[in-house]
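K.L.:
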DNA sequence: TTGTAAGCGTTATCAC
DNA sequence: GTGATAACGCTTACAA
């Protein structure tokens, strides 16, 4: 293993000069810096991050916390995870996976990314001793990254109108959370701007729950109705039941999902959906968290990313 | 932060005695051990794994490598990942996610878990300088964990026969890999034992590819045929096309998948499938890898786990 | 059986 | 601007 000392010898300087070239290059004369950099390249030197971690009282580890009790096979998270991992690896960070908020402070970590949190979890957050960022919008002042949910459903609703669907119905999630309110607001505002009356059903995030709603109310739905769904899972259930009832998609009925991960492509017909930039969000969450750790916990603010409409086969 | 020295003071012994109680308790008298343990509990002492890592020339980090170029949102991997993570966390290990085999040795890690590897990757493995284990069976002597693929399809085939399906057709994956050969062998051997003639189609692992095969050959399939599929993805395509053709599932046609992660439940009808113990495999892979690291790379052998038949709605 | 000393690779501090 | 020294928390090697 090539160490700082090896480089120092090679460049005929002290260890400290090498260390400075790495951490505070402006404090070193151009001449020595050149020598040191040449030596580092020649020896293929890479700092030992464990030693760095020890002296900086860091662990180079953060935790990815999943609170949502739904099954962790949700493909959604896989994307987030890969994005997050990418962001971490750039800075030589590794992570652990945690699903139990109470055990979050066991072991060692420099900070946490918390996903799937609900309003009732918030009280626990204030007790955390390490910096953390949230995936998912909140109005308590916790740093977060999320999709611009309101813009997403605004886009979906406007698109449905532009395809000349006459009635637009929102199939939302039965949760009292900011992201759901934002999605509904995007829908409601757009309808009202067009002198239309909103109609919202709320269901659990399972295709079968959505299927049931459509079944129960099918007779009330006229031709030229488009369903704006708060998730692709729901959209799949809606599509399934509409087809079961003999309805024609996309000619008579349109369906628009939300998420754009995996499920939208497995479904048949393939879903028109609002695609969240999930990988990107994961990456940004990593940057934000590492930044926050570096700045000993100072606030990082909020980040809303623009989702994209993906036109496919479930709308005309 | 509570350190070894703090515990030593509290217990009136030297740091080394405390260290020994942790790493070689048998070398310490019962009396001192008791004192030290009491002190550790009272102070809520936890070893600093970074310091341990530095002196042991470890990183406490391993890499989870995904070589398969299919999208990483495959829910399958999510389960494996969570199992793996669980296994690691027990030993205070963290991990990084890697998708590029060529960059695997960048950065620092004590070892690798390699998933989704294909035969043509093997030559690269021999060059790796750190211990690694594979997820997926191979006959090159690399340590691995996998499902007992042959047993899985044997179980599926026997079940299809027991449900009195007359013809059993295998829809396999179009890859020349040990796991696929094992699955086909499980099917073929069982058929031959029953004086039946095997019939195999091979497709890419996409529902649409499977759909196409069924479409192309539907007229050749008689009532009372059961399709044994090498993945749930394939099974979903088979189901979809059979229904499209107006065939009755499960009365006239049966479909059995393989994997049992997420997809089997999203599908309609819900799939009868061979469920792999994926989470468990992840956990075992972690143990195996950490074990191998601890034993400086000594062979760990092979582990085939028993899959389970899950009876649901796609077979009668 | 227990303790002392040295060292793992790095950085902060304080001289020069 | 550069270098010597101590320190981070722990373990190995050796001495008592």
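Chains as they are written, first to last, in full-length UniProt numbering: chain W, 1 to 316; chain U, 1 to 316.
Even glycine gets a Cβ: it sits at the ideal position worked out from N, Cα and C.
With a threshold of 8 angstroms, are at least 3 pairs of Cβ atoms found where one atom belongs to the region 284-291 of chain W and the other to the region 213-226 of chain W?
P.N.:
The region 284-291 of chain W, when compared against the region 213-226 of chain W, does not touch it at the 8 angstroms Cβ threshold.
K.L.:
Roughly how many angstroms lie between the CA atoms of residue 155 of chain U and residue 249 of chain U, to the nearest whole one?
P.N.:
As a position in the second chain, residue 155 of chain U is number 155, starting the count at 1. As a position in the second chain, residue 249 of chain U is number 249, starting the count at 1. Those two C-alpha atoms are separated by around 20 angstroms.
K.L.:
Who does residue 302 of chain U pair with in a DSSP beta bridge?
P.N.:
Residue numbering aside, residue 302 of chain U sits at position 302 when the second chain is read from its first letter. Answer by DSSP bridge pairing, in chain order: U:144.
K.L.:
Can you confirm whether the region 74-85 of chain U touches the region 23-41 of chain U when touching is taken to mean that 3 or more C-beta pairs between the two stretches lie within less than 8 angstroms?
P.N.:
No: the two stretches stay apart, fewer than three of their Cβ pairs being nearer than 8 angstroms.
K.L.:
Taking 8 angstroms as the threshold, find out whether the region 114-126 of chain W comes into contact with the region 260-270 of chain W through three or more Cβ pairs.
P.N.:
no
K.L.:
Report yes if the C-beta distance between residue 66 of chain W and residue 108 of chain W is below 7 angstroms; otherwise report no.
P.N.:
One-based indexing of the first chain puts residue 66 of chain W at position 66. One-based indexing of the first chain puts residue 108 of chain W at position 108. Result no, Cβ atoms of residue 66 of chain W and residue 108 of chain W do not sit closer than 7 angstroms.
K.L.:
Report yes if the C-beta distance between residue 302 of chain W and residue 144 of chain W is below 7 angstroms; otherwise report no.
P.N.:
Taking the first chain and counting its residues from 1, the one referred to as residue 302 of chain W is at position 302. Taking the first chain and counting its residues from 1, the one referred to as residue 144 of chain W is at position 144. Closer than 7 angstroms, so yes.
K.L.:
Strictly by DSSP, which residues pair up with residue 324 of chain U?
P.N.:
Examination of residue 324 of chain U is not possible in this model, given that chain U is present from 1 through 316 alone.
K.L.:
Counting only beta-carbon separations shorter than 7 angstroms, does residue 178 of chain W have a partner in chain U?
P.N.:
Walking along the first chain from the start, residue 178 of chain W turns up at place 178. No Cβ of chain U is located within less than 7 angstroms of the beta carbon of residue 178 of chain W.
K.L.:
Just how far apart, CA to CA, sit residue 114 of chain U and residue 133 of chain U?
P.N.:
Position 114 of the second chain, counted from the start, is the residue given in the question as residue 114 of chain U. Position 133 of the second chain, counted from the start, is the residue given in the question as residue 133 of chain U. Looking at the two C-alpha atoms, the distance is approximately 6 angstroms.
K.L.:
For residue 147 of chain U, count neighbouring C-beta atoms within 10 Å of its own C-beta (all shown protein chains included) and say buried if the count is 16 or more, exposed if not.
P.N.:
In the second chain, the residue the question calls residue 147 of chain U occupies position 147. Looking at its Cβ environment, which holds 16 or more other Cβ atoms inside 10 Å, residue 147 of chain U is buried.
K.L.:
Specify, as a first and last residue, the run of the beta strand (DSSP E) that residue 257 of chain W falls within.
P.N.:
Taking the first residue of the first chain as position 1, residue 257 of chain W is located at position 257. Residues 253-259.
K.L.:
If you compare alpha carbons, which of U:195, U:4 and U:229 is closest to residue 152 of chain U?
P.N.:
To locate residue 152 of chain U, count along the second chain from 1; it is residue 152. When only C-alpha atoms are compared, the closest one is U:229.
K.L.:
Pick out the complete alpha helix (DSSP H) segments inside the region 39-97 of chain U, 4 residues or longer, and give them in chain order.
P.N.:
49-55 and 75-90
K.L.:
Please report the residue range of the beta strand (DSSP E) in which residue 133 of chain W lies.
P.N.:
Numbered from its first residue, the first chain carries residue 133 of chain W at position 133. First-last of the beta strand (DSSP E) with residue 133 of chain W: 132-135.
K.L.:
Quick test of your reading: residue 333 of chain W and residue 315 of chain W, contact by CB under 8 angstroms. State the CB separation rounded to the nearest angstrom.
P.N.:
The question about residue 333 of chain W has no answer here: the residues shown for chain W are numbered 1 through 316.
K.L.:
Report the partner residues of residue 112 of chain U according to the DSSP bridge assignment.
P.N.:
The residue labelled residue 112 of chain U in the question sits at position 112 within the second chain. Answer is U:63 and U:132, bridged to residue 112 of chain U.
K.L.:
Closer than 7 angstroms by beta-carbon distance: list the chain U residues that pair up with residue 61 of chain W, in chain order.
P.N.:
On the first chain, position 61 is the one that residue 61 of chain W refers to. Those within 7 angstroms of residue 61 of chain W in chain U are 94.
K.L.:
Verify the CB distance criterion: does residue 50 of chain W have a CB-CB separation below 7 angstroms to chain U?
P.N.:
By 1-based counting over the first chain, the position of residue 50 of chain W is 50. With 7 angstroms as the cut-off, residue 50 of chain W counts as an interface residue toward chain U.
K.L.:
Could you tell me how far apart the beta carbons of residue 105 of chain U and residue 129 of chain U are, in whole angstroms, since I believe they sit closer than 8 angstroms?
P.N.:
On the second chain, residue 105 of chain U is found 105 positions in, with the first residue counted as 1. On the second chain, residue 129 of chain U is found 129 positions in, with the first residue counted as 1. 7 angstroms between Cβ atoms; contact.
K.L.:
Straight-line CA distance for residue 246 of chain U to residue 239 of chain U?
P.N.:
Residue 246 of chain U sits at position 246 when you count from the first residue of the second chain. Residue 239 of chain U sits at position 239 when you count from the first residue of the second chain. One C-alpha to the other measures close to 11 angstroms.
K.L.:
Output needed in chain order: residues of the region 99-116 of chain W with a Cβ under 9 angstroms from some Cβ in chain U.
P.N.:
99, 106, 107, 108 and 109
K.L.:
Taking 8 angstroms as the cut-off, does the region 45-64 of chain W touch the region 91-101 of chain W (at least 3 CB pairs, one atom from each stretch)?
P.N.:
yes
K.L.:
Flag this pair as yes or no: are the beta carbons of residue 214 of chain U and residue 177 of chain U separated by less than 7 angstroms?
P.N.:
The residue given as residue 214 of chain U occupies position 214 in the second chain. The residue given as residue 177 of chain U occupies position 177 in the second chain. No, Cβ-Cβ distance for residue 214 of chain U and residue 177 of chain U is not below 7 angstroms.
K.L.:
Counting contacts by CB-CB distance shorter than 7 angstroms, is residue 191 of chain W in contact with chain U?
P.N.:
Walking along the first chain from the start, residue 191 of chain W turns up at place 191. Not closer than 7 angstroms to any Cβ of chain U, the Cβ of residue 191 of chain W fails to qualify, so no.
K.L.:
Strictly by DSSP, which residues pair up with residue 227 of chain U?
P.N.:
The count along the second chain starts at 1 and reaches residue 227 of chain U at position 227. Bridge partners of residue 227 of chain U: U:169 and U:255.
K.L.:
Report the neighbours of residue 135 of chain U on chain W: residues whose CB is nearer than 9 angstroms to its CB, in chain order.
P.N.:
Counting from 1 along the second chain, the entry for residue 135 of chain U is found at position 135. Going along chain W, no residue has its Cβ under 9 angstroms from residue 135 of chain U, so there is no contact; the nearest lies around 16 angstroms.
K.L.:
What residues from chain U crowd round residue 236 of chain W, counting only those whose CB sits closer than 8 angstroms?
P.N.:
The residue labelled residue 236 of chain W in the question sits at position 236 within the first chain. One finds 266 in chain U with Cβ atoms closer than 8 angstroms to the Cβ of residue 236 of chain W, taken in chain order.
K.L.:
Check whether the Cβ of residue 202 of chain W lies closer than 6 angstroms to any heavy atom of the ligand NAD, and answer yes or no.
P.N.:
Summarising the ligand content, the structure contains no ligands, and the ligand NAD is consequently not present.
K.L.:
Residues of chain U with CB under 8 angstroms from residue 40 of chain W, in chain order?
P.N.:
Translated into positions along the first chain, residue 40 of chain W becomes position 40. Here the premise fails: no neighbours, minimum Cβ distance about 15 angstroms.
K.L.:
Between residue 335 of chain W and residue 234 of chain W, what straight-line distance do the alpha-carbon atoms span, to the nearest angstrom?
P.N.:
Past the boundaries of the shown model lies residue 335 of chain W; chain W is included only from 1 to 316, so the question cannot be answered.
K.L.:
So that I know if they touch, is there some Cβ in chain U lying closer than 7 angstroms to that of residue 54 of chain W?
P.N.:
Indexing the first chain from 1 puts residue 54 of chain W at position 54. With 7 angstroms as the cut-off, residue 54 of chain W counts as an interface residue toward chain U.
K.L.:
How about residue 210 of chain U: is its C-beta nearer than 7 angstroms to some C-beta of chain W?
P.N.:
As a first step, residue 210 of chain U must be located in the second chain, where it is residue number 210. Answer no: the Cβ-Cβ gap between residue 210 of chain U and chain W never drops below 7 angstroms.
K.L.:
Could you tell me whether the Cβ of residue 343 of chain U comes closer than 7 angstroms to any Cβ of chain W?
P.N.:
Chain U is shown only over 1 to 316; residue 343 of chain U falls outside these bounds and no answer can be derived.
K.L.:
Taking its Cβ as the centre, do 16 or more other Cβ atoms sit within 10 Å of residue 141 of chain W, making it buried, or is it exposed?
P.N.:
In the first chain, counting from the first residue as 1, residue 141 of chain W sits at position 141. Exposed is the call here.
K.L.:
Starting from residue 236 of chain U, follow its DSSP beta bridges and name the residues at the other end.
P.N.:
Sequence index remark: in the second chain, residue 236 of chain U carries index 236 (1-based). Note: residue 236 of chain U sits in no beta bridge, so no partner.
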